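Counted the way our numbering counts, the sequence shown spans residues 17 to 216. First the structure, in the form of structure tokens, and then the observations on it.
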Amino acid sequence: MLRTVIIATGNPAKFQEIKDIMGRYGIAARMSDIKVGVREGTLSYEENARLKASYVTARLGVDAFGEDSGIEVPALGGFPGIISARFIKGTDSDRNSALLDRMRHLGPSDRRAVFKACAVITFVNGAFVSGYGELSGRIIDGPAGENGFGYDPVFVPDGQGRTLAQMSPREKNDMSHRRRAVEAVLEKYVAYLKDGIDRK
């Protein structure tokens, strides 16, 4: 392994997704054993991802990975977007229900949606690299599938007939916005390591 990167998340499902992708790059991943005590902002996905990673880097003195993502519905002005994980209190199921309720009046052509993600790896010297990913699709009328998390049960990617929650973890990872963001940031991270630049 080139290096171990600490993942700034307390979500085991999200950690496993990221760990599997990192493994393809020869990088070991470990979930942070400290609670990531940062208040997420509302400016950008990158801001939130960098806050999480920087917190872990500052506390542990290691390279750290942070990620933030959301789902945007153009017909709702991009809502819920940056506040996707917290626009109401409760479970993922509660948020899915709340989003579907807000979309009840929308016709089929207005149910377009896009998942967006930003991944950041921070270094002890304060530098960081970032990567972005998107996945376009549509929101269906009700949840379907038992896998995944977040809005996976209500989102069908373009060109697919199943929700992300109806796919296997491997199928989802092969197309997900998070995979694209993680791969983008890892390409930059690995390039730094191969160039022999010590950012510690």
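Glycine residues also receive a C-beta, built at the ideal position from the N, C-alpha and C atoms. Bear in mind the structure is a predicted one, so any value in this text is a computation, not a measurement.
By the 10 Å Cβ neighbour count, where 16 or more other Cβ atoms means buried, how is residue i classified, buried or exposed?
i: R196; result: buried
i: A129; result: buried
i: D211; result: exposed
i: A133; result: buried
i: I155; result: buried
i: H193; result: buried
i: K105; result: exposed
i: P124; result: exposed
i: K216; result: No answer about K216 holds up, because its pLDDT of 42 lies below 50 and its placement is not dependable.
Taking the beta strand (DSSP E) that residue i falls in, what are its first and last residues?
i: T73; result: From DSSP, T73 is part of no beta strand (DSSP E) but of the alpha helix (DSSP H) over Y61 to L76.
i: L92; result: Unbroken run through L92: none, as it is neither H nor E.
i: I22; result: T20 to I23
i: S152; result: F144 to I155
i: A129; result: R128 to T138
i: V170; result: V170 -> no beta strand (DSSP E), and no H or E assigned at all.
Within the same chain, show all residues whose beta-carbon is closer than 6 Å to that of residue i, passing over the 5 residues directly before and after it, in chain order.
i: A24; result: S48, V52, K68, A69, V72, A80 and G82
i: K35; result: A45
i: L116; result: none
Just to confirm my understanding: we take residue i, look at its own chain, exclude 5 residues before and 5 after, and list those with CB closer than 8 Å. What are they?
i: A44; result: M17, R19, T20, V21 and M38
i: Q32; result: P185
Under 7 Å Cβ to Cβ from residue i, same chain only, skipping five residues before and after it: list those, please.
i: G153; result: A129, F171, V172, P173 and D174
i: M191; result: L151 and P173
i: D108; result: F165 and G166
i: A160; result: P169, T179, A181 and Q182
i: D126; result: A91
i: Y41; result: L202 and V206
State the start and end residues of the unbroken alpha helix (DSSP H) segment that holds residue i.
i: R162; result: Per the sequence presented here, residue 162 reads as Glu, with Arg not at that position. Looking at the DSSP string, E162 is not in any alpha helix (DSSP H), and its letter there is neither H nor E.
i: R196; result: H193 to K210
i: S113; result: D108 to R118
Could you confirm whether any beta carbon from chain D is found closer than 8 Å to the beta carbon of residue i?
i: Y61; result: No chain D is present in this structure, which holds just one protein chain.
Those runs of the alpha helix (DSSP H) which lie wholly inside the region 26-55 and span at least 4 residues: Within the region 26-55, complete alpha helix (DSSP H) segments of at least 4 residues are found at 28-39, given in chain order.
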